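Let me begin by presenting the structure, written as structure tokens, before commenting on it.
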């Protein structure tokens, strides 16, 4: 009982950054156990071509199910694939990423196997018969250490908690057929992406985020321009802003939206309500620009500038542009 | 249309959190408790569906000690018809243990829909709803910001990173609710009075096996105190210098 199974998330037939993080996490566990990493991947026909990149990150075996019906994530199919693989062999752990897709799949697989799940895990280690993991609870105000005594131990690892690392293994493909299911009860008919050219909030090293201090939807151009100057930035927003409809709901960073921890977080016209801080306080470096020097955002900002966003932000955009050109 | 909504009593997150003497729980003294945010959206969505159809009723279920009756009464005062407490002294952390108890209660209830909030705001695992669906053998759609039901079929939009997925599903089903669907109503005085007379059943929780427990809780390392480096656009060159040389993020 030394092998580790991992579910490789894809979107549009391509792996996401979190996929390599999950495979790396599984590799770490398998190395500790002296076992192999088996990857399950589902996607459109030809998805087995991804096996090479999974192998680079430590997959010994890639169980691939390619079918035209799997262009979108299909929960019933993915659940059946992972659960049947988990039953066909003995695994000490099953690793998912705690992304939207992984958080959708992992508890389904857990219940199908009549076992439990440790979700949104930020660290993990084996201690005798137990898997000991940490998990931020109460919107990150408390760090919980959890003990999981089930085998297989199902883990959903928080995006960014493990850095993807290369460790070449065979990545041998084992093709499997589409599982036979009673007619699909839930069907994804369409994936609507906001703007596929933009970096995703969970993957961008820099996030520029705007709050009510921008006063109107059209002033988000300032935030967009600053993000463009960085070149590797995504754009986020506060709940006040998404409630106003200035930005799509999916851009909301906070307790009830996305939890992010980029290298650099630039808060533009954000006062720093508790619910917003809960979503970004683990960022490595926080810059805040706000006209009110008493704003709570300045209590967490490594570098705060008190001032009018309509003056400071364009100046910063210009300065970042020239710094990037000089680099 | 018969709808069950599973709700959880949680502390409000803007309080100051301290660790209890056991080292494995939050000290509840000084914290205020209420229905978990997303569960409020789920109750509201359920009430609006039955109101729109002009038929059916909404039942609420919560698992825990007697204090959860407060949260159940709030849901009754919003307009739910009946409440059930699945009684246990301590709410276990293990989502499968909880899901087993909820599934045992919901099984045979002939519900067209079972709703959950997208996740509880305290543990934020978002696992129980999926597990209940699996145990009941029902389809599950997670994180819906739009939900329509007609003729035994449901359509929903669920939120994913950077966009949304459009889904169709058959009833009965389990659906978890994201914000953006409907703002929860405040209980009216009339609703509060009526809630006192509505049925609230208490049954022992038939918990599943517990394999996941909290061993320890700690407060995270505090961030260094914030620093204001200056005022106005004139400070921008200094900020860029600090980002390059001190924070090394440029």
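Residue numbers (my numbering), protein chains in the order written: chain A, 908 to 1234; chain B, 359 to 608. We treat Cβ as the ideally placed atom computed from N, Cα and C, and that holds for glycine. Note that the structure is a prediction, hence the values are computed from the model and not measured.
Next on the checklist: Which residues in chain A have a C-beta closer than 7 Å to the C-beta of residue 406/B? List them in chain order.
Outcome noted: Working through the second chain from its first residue, we reach residue 406/B at position 48. Near residue 406/B there are no residues of chain A at all, since even the closest Cβ is about 19 Å away, more than 7 Å.
Checklist entry - Helix, strand or coil: which one does DSSP assign to residue 1119/A? => result In the first chain, counting from the first residue as 1, residue 1119/A sits at position 212. Residue 1119/A falls in the helix class under three-state DSSP.
Next on the checklist: With DSSP as the reference, identify every bridge partner of residue 1212/A, one or two as the case may be.
Outcome noted: Indexing the first chain from 1 puts residue 1212/A at position 305. For residue 1212/A, which the question treats as bridged, DSSP gives the partners 1196/A, 588/B.
Checklist entry - Taking the C-alpha atoms as reference points, what is the distance between residue 1110/A and residue 455/B? => result In the first chain, residue 1110/A corresponds to position 203, counting from 1. In the second chain, residue 455/B corresponds to position 97, counting from 1. Going by the C-alpha atoms only, they are around 34 Å apart.
Checklist entry - So what does DSSP say about residue 359/B, is it helix, strand or coil? => result Numbered from 1 along the second chain, position 1 holds the residue referred to as residue 359/B. Coil.
Checklist entry - So, helix, strand or coil for residue 1042/A, using DSSP? => result Here residue 1042/A refers to the residue found at position 135 when the first chain is read from its first residue. Residue 1042/A falls in the strand class under three-state DSSP.
Checklist entry - Nearest-angstrom Cα distance between residue 1179/A and residue 387/B? => result As a first step, residue 1179/A is located in the first chain; it is residue number 272 there, counting from the start. As a first step, residue 387/B is located in the second chain; it is residue number 29 there, counting from the start. Rounded to the nearest whole angstrom, the CA to CA distance from residue 1179/A to residue 387/B is 26 Å.
Item to check | residue 928/A (DSSP reduced to helix, strand or coil) | outcome: As a position in the first chain, residue 928/A is number 21, starting the count at 1. Here residue 928/A sits in helix by DSSP.
Next on the checklist: So, for residue 1039/A: in the same chain, excluding its five sequence neighbours on each side, which residues have a beta-carbon less than 6 Å away from its beta-carbon?
Outcome noted: Numbered from 1 along the first chain, position 132 holds the residue referred to as residue 1039/A. The residues are 1032, 1054.
Next on the checklist: My output table needs one value for residue 576/B: the three-state DSSP class, helix, strand or coil.
Outcome noted: Your numbering for residue 576/B matches position 218 in the second chain. Residue 576/B: strand per DSSP, three-state reduction.
Checklist entry - If you run the structure through DSSP and keep just helix, strand and coil, what is residue 405/B? => result Along the second chain, one-based indexing puts residue 405/B at 47. For residue 405/B, the three-state secondary structure derived from DSSP is helix.
Next on the checklist: Measuring only from the beta carbon, is residue 435/B closer than 8 Å to any heavy atom that is part of the ligand ZN?
Outcome noted: The ligand ZN is absent from the structure shown, which contains no ligand whatsoever.
Item to check | DSSP state of residue 1051/A mapped onto helix, strand, coil | outcome: Here residue 1051/A is taken as the residue at index 144 of the first chain, counted from 1. Strand.
Checklist entry - Going along chain B in order, which residues have a C-beta closer than 8 Å to the C-beta of residue 1089/A? => result Numbered from 1 along the first chain, position 182 holds the residue referred to as residue 1089/A. The premise fails here: residue 1089/A is roughly 10 Å from chain B at the closest Cβ pair, so nothing lies under 8 Å.
Item to check | residue 1018/A versus 1051/A, 1060/A, 1006/A, residue with shortest Cα-Cα distance | outcome: Here residue 1018/A corresponds to residue number 111 of the first chain, with the count starting at 1. Checked all of 1051/A, 1060/A, 1006/A; the closest Cα to residue 1018/A is 1060/A.
Checklist entry - Measuring CA to CA, which of 578/B, 459/B, 597/B, 440/B is closest to residue 562/B? => result Locating residue 562/B in the second chain gives position 204, counting from the first residue. Out of 578/B, 459/B, 597/B, 440/B, 459/B has the C-alpha closest to the C-alpha of residue 562/B.
Item to check | Which of helix, strand or coil DSSP assigns to residue 974/A | outcome: Walking along the first chain from the start, residue 974/A turns up at place 67. Here residue 974/A sits in coil by DSSP.
Next on the checklist: Can you check which of these residues, 1181/A, 1225/A, 1098/A, is closest to residue 918/A by C-alpha distance?
Outcome noted: The residue given as residue 918/A occupies position 11 in the first chain. Considering only alpha carbons, the answer is 1098/A.
Checklist entry - Got a sec: is the Cβ-Cβ distance from residue 1206/A to anything in chain B below 9 Å? => result Walking along the first chain from the start, residue 1206/A turns up at place 299. Cβ-Cβ to chain B under 9 Å: yes for residue 1206/A.
Next on the checklist: Distance check for residue 936/A and residue 1188/A, CA to CA, integer angstroms please.
Outcome noted: Residue mapping note: residue 1188/A aligns to position 281 of the first chain, counting from 1. Residue mapping note: residue 936/A aligns to position 29 of the first chain, counting from 1. One C-alpha to the other measures close to 29 Å.
Checklist entry - If you follow the beta strand (DSSP E) that residue 421/B is part of, which residue opens it and which one closes it? => result Here residue 421/B refers to the residue found at position 63 of the second chain. For residue 421/B, the enclosing beta strand (DSSP E) begins and ends at 415–422.
Item to check | Where the beta strand (DSSP E) containing residue 986/A begins and where it ends | outcome: On the first chain, position 79 is the one that residue 986/A refers to. From DSSP, residue 986/A is part of no beta strand (DSSP E) but of the alpha helix (DSSP H) over 982–995.
Checklist entry - What does residue 375/B touch in chain A if you count any residue whose Cβ is under 8 Å from its own? => result Indexing the second chain from 1 puts residue 375/B at position 17. Within 8 Å Cβ-Cβ: 1045, 1048, 1049.
Item to check | residue 1145/A classed as buried or exposed, judged by whether at least 16 other C-beta atoms fall within 10 angstroms | outcome: The residue given as residue 1145/A occupies position 238 in the first chain. Counting Cβ neighbours within 10 Å, residue 1145/A comes out buried, since at least 16 surround it.
Item to check | Element boundaries [beta strand (DSSP E), containing residue 517/B] | outcome: Position 159 of the second chain holds residue 517/B. It spans 511–518 - the beta strand (DSSP E) in which residue 517/B sits, taken as one unbroken run.
Next on the checklist: Need the endpoints of the beta strand (DSSP E) that residue 525/B sits in, please.
Outcome noted: Taking the first residue of the second chain as 1, we reach residue 525/B at position 167. Where residue 525/B is concerned, the enclosing beta strand (DSSP E) stretches over 521–528.
Checklist entry - Using the beta-carbon of each residue, which ones in chain B are nearer than 7 Å to residue 1210/A? => result Within the first chain, the letter at position 303 stands for residue 1210/A. The answer, in chain order, is 585, 587, 597, 600.
Item to check | Terminal residues of the beta strand (DSSP E) in which residue 443/B lies | outcome: Reading the second chain from its first residue, position 85 is the one you call residue 443/B. First-last of the beta strand (DSSP E) with residue 443/B: 440–445.
Checklist entry - If we cut at 9 Å on Cβ distances, does residue 391/B have a partner in chain A? => result Residue 391/B sits at position 33 when you count from the first residue of the second chain. Not closer than 9 Å to any Cβ of chain A, the Cβ of residue 391/B fails to qualify, so no.
Item to check | Cβ shell of residue 1016/A (< 6 Å), same chain only, five flanking positions each side left out | outcome: Along the first chain, read from residue 1 onward, the residue named residue 1016/A stands at position 109. If we look at residue 1016/A and ignore the five residues flanking it on each side, its Cβ neighbours are 986, 989, 990.
Item to check | 7 Å CB neighbourhood of residue 1166/A in its chain, flanking five on each side removed | outcome: Numbered from its first residue, the first chain carries residue 1166/A at position 259. Apart from the 5 residues on each side of it in sequence, residue 1166/A sits with its Cβ closer than 7 Å to the Cβ of 1186 in its chain, given in chain order.
Checklist entry - Using a Cβ-Cβ distance under 9 Å, would residue 452/B count as near chain A? => result As a first step, residue 452/B must be located in the second chain, where it is residue number 94. Interface residue, yes.
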